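Chains as they are written, first to last, in UniProt numbering: chain U, 1 to 113; chain P, 1 to 113; chain S, 1 to 113; chain F, 1 to 113. Built from N, CA and C at the ideal position, the CB exists for glycine as well. Please read all numbers here as calculations on a predicted model, not as lab measurements. What follows is a set of notes on a single structure, which appears directly below.
There are 4 protein chains.
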Amino acid sequence: MSEQADHIAVESDCQHGDDSHRHGYIGAKDDYLKRLRRIEGQARGLQRMVDEDAYCIDILTQVSAMTKALHAVSLGLLNDHMTHCVLAAAGEGDDAARVKIDEAMAAIARLAR
Amino acid sequence: MSEQADHIAVESDCQHGDDSHRHGYIGAKDDYLKRLRRIEGQARGLQRMVDEDAYCIDILTQVSAMTKALHAVSLGLLNDHMTHCVLAAAGEGDDAARVKIDEAMAAIARLAR
Amino acid sequence: MSEQADHIAVESDCQHGDDSHRHGYIGAKDDYLKRLRRIEGQARGLQRMVDEDAYCIDILTQVSAMTKALHAVSLGLLNDHMTHCVLAAAGEGDDAARVKIDEAMAAIARLAR
Amino acid sequence: MSEQADHIAVESDCQHGDDSHRHGYIGAKDDYLKRLRRIEGQARGLQRMVDEDAYCIDILTQVSAMTKALHAVSLGLLNDHMTHCVLAAAGEGDDAARVKIDEAMAAIARLAR
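In C-alpha cells:
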C-alpha cells in the first residue's frame, strides 16, 4: 500500500459525514452510551421532580449534577478526538492537523462558554 | 389569622420537603416539563449519534446545545426562586430571606462553575 | 421620619448613579480592594511570564488561577448585593425588589456563561 | 544533523522549564502583552469603582468584561499551544504528542470549569 493510500485511510477515520468511521470514541462506545443513558435518566428524574412540585433549589442541584455529567462527556469526547483524530491528521501533515485543531478549538470555545 | 400563622403559611410555599408546595416555577410547570422532555430527547439523540458512529465534533456540538438548554432551565428556575421564594421569605423578615439567599447563592456557585 | 421617607432612604442605598451610596459590599471594601490588587498583580505576573517566554501551559494555569480569583470576587459581590440591595428593595415592596432581582439575574447570566 | 537531534530540537520548542523557547504564542507576544496590560488596567478600574462606591451591578458588569477578556486570552494561548507545541510533538511521535495533549486537556478542564 502506498503512503498516499495510507494517509487517505487514516484521514477517513475522523471525518464529518464519513461512512467508514473509526472515530476516537469508538473504543469507548459502550461507556459513552451508558453515561448518556444515565443522563437521559437524569432528565426524566428532573421531570418527575417538577411534576411532584419539588423544591426549586433541590431541582437546581440535580440540574447541576446533570450539567456536570454532560460536561464530563464533552471532555471525554474531546480527549478522544485529540488523541485519535488530531494525531491521525498530524500524520498526514500540518495542514490536515490544523483543520482538525480548528474544529477542536471551536468546540472548546463552545464548551468553555 | 395571627401574623405568625401567616408567616408560616408564606414560608411553607417555598420549602425543602414541603407538601403544601407553591414554588416559584409552579406557574410555568408545563413549560419546564416541555423543556425537560426536549432535553431528554437530546440525550436520546446523542445516544443515537454515538451508536451510529457520528463524527466526534458533531456530537460535541449537540452536547453544547444540550448543555445550553439545561443552563437556560437553571436560570429560569433560579429566577422563579428569587422572585417567588426569596421575596416571600423577605416578607417574613431579613433572617428568613437570608436563609433563602444563602441557598440561592450556593446554587449559583454550582451553576457558575 | 415618615415610612415613605425611610423607604426612599433605603432605596438610595443601592442604586446605579447614586451619590449617597451604601452598597452591599461597602462593609467589606478593604477586603475587595485587597483581592483586586492581588488580581492586578496576577495580570502583571502574566505579562512577565509572556515576556520571559514561559511555557504556554504554565501561563494557562496562571490564567485559570486569576479567572478563579475574579470569579470569587463576582460571587462575593453578588452575595453582598442580594443580602443588602435586594433585601432593602424587598422592604419597599415587591415591584422594587423585582427590579433588583432582574438586575441580579442579568448579572448571574453573564457570570454563568 | 541526526534525526534524533532534530527531534530534541523540536521538543525543546515547547517545554516547561525550557531555556531555548519557541512557544506557540511567541509570534503574537506583543499582542498578548497588550491584551494583558489592558486586563491589568481593568483590574485597576475595578479598584477605583470599589473605592468610589460604584453600584454593585455595575462592578459585576466590569468583572464579567474582564473575565471575558481573560477567557479570550486563554483560548488564544490554547490555540497557539495546539497548532505549535502539539503539532511539533506529533512530528516526534504519538507518545510525545500524547504528553502534550494530556497537558492541554488538563488546561481545558480547568478553563471549562
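Counting every other CB atom within 10 Å of its CB across the protein chains shown gives P/A89 a total of 16 or more, marking it as buried.
Residue environment for F/A72: exposed (fewer than 16 other C-beta atoms within 10 angstroms of its C-beta). Within 8 Å of the CB of P/A107, the CB atoms of chain U belong to I57, L60, T61, S64, in sequence order along the chain. When S/L70, S/D80, S/V50 are compared, the shortest CA-CA separation from F/D80 is found for S/V50. The C-alpha of P/T83 is placed about 12 Å away from the C-alpha of S/G93.
In its chain, beyond the 5 residues on either side, I59, Q62, V63, M66 have a beta carbon closer than 8 Å to the beta carbon of U/L46. When the Cα atoms are used, P/R37 and S/S74 turn out to be separated by approximately 33 Å.
Distance from the CA of S/K68 to the CA of F/A107, rounded to the nearest whole angstrom, comes to 13 Å. Across the region 34-47 of chain P, CB contacts with chain U closer than 7 Å involve L36, R37, I39, E40, A43, R44, L46, Q47, in sequence order along the chain.
Taking the Cβ atoms as the reference, U/E40 lies roughly 28 Å from P/A104, outside the contact range of under 8 Å. Put simply, the CB of F/E103 is near chain S, with a gap under 8 Å to one of its CB atoms. According to the DSSP assignment, S/H81 belongs to no alpha helix (DSSP H), since it is labelled neither H nor E.
Cβ-Cβ distances below 7 Å link S/L77 to Y25 in the same chain, with the five nearest sequence neighbours on each side left out; the list follows chain order. Bounds of the alpha helix (DSSP H) holding U/A43 are 29-51. For F/L70, same chain residues with a beta-carbon under 8 Å away, outside a window of 5 residues either side, are I39 in chain order. Here F/K100 is buried. Its C-beta has 16 or more other C-beta atoms within 10 Å. For U/L87, the residues of chain F that pass the 7 Å Cβ criterion are A90, D94, A97, in the order they occur in the chain. In terms of beta-carbon proximity, U/A112 lines the interface with chain F, with at least one pair separated by less than 8 Å.
Annotation: Cβ neighbours of U/H71 in chain F (cutoff 8 Å, chain order): A112.
For the set P/A112, P/A96, P/A54, the Cα lying nearest the Cα of U/L33 is the one of P/A54. Here F/R35 is buried: its Cβ has 16 or more other Cβ atoms, across all protein chains shown, within 10 Å.
Here the alpha carbon of P/A112 sits roughly 9 Å from the alpha carbon of S/R110. Taking each of P/A28, P/D30, P/R48 in turn and checking the Cα distance to U/D30, the smallest one comes out for P/R48.
Interface criterion met: the Cβ of P/T67 is under 8 Å from a Cβ in chain U. Separation of P/D102 and S/D95 (C-alpha to C-alpha, rounded to the nearest whole angstrom) is 22 Å.
Rounded to the nearest whole angstrom, the CA to CA distance from U/G91 to P/I57 is 19 Å. Only residues of its own chain outside the window of five on either side were considered, and among them A97, K100, I101, A104 have a CB closer than 7 Å to the CB of P/V86, listed in chain order.
Assignment of P/A112 by DSSP, reduced to helix, strand and coil, places it in the coil class.
Under the 8 Å criterion on CB atoms, S/L77 is classed as non-interfacial with respect to chain P. Rounded to whole angstroms, the separation of the alpha carbons of U/E52 and P/A28 is 13 Å. DSSP places S/G93 outside both helix and strand once states are collapsed to three, so it counts as coil.
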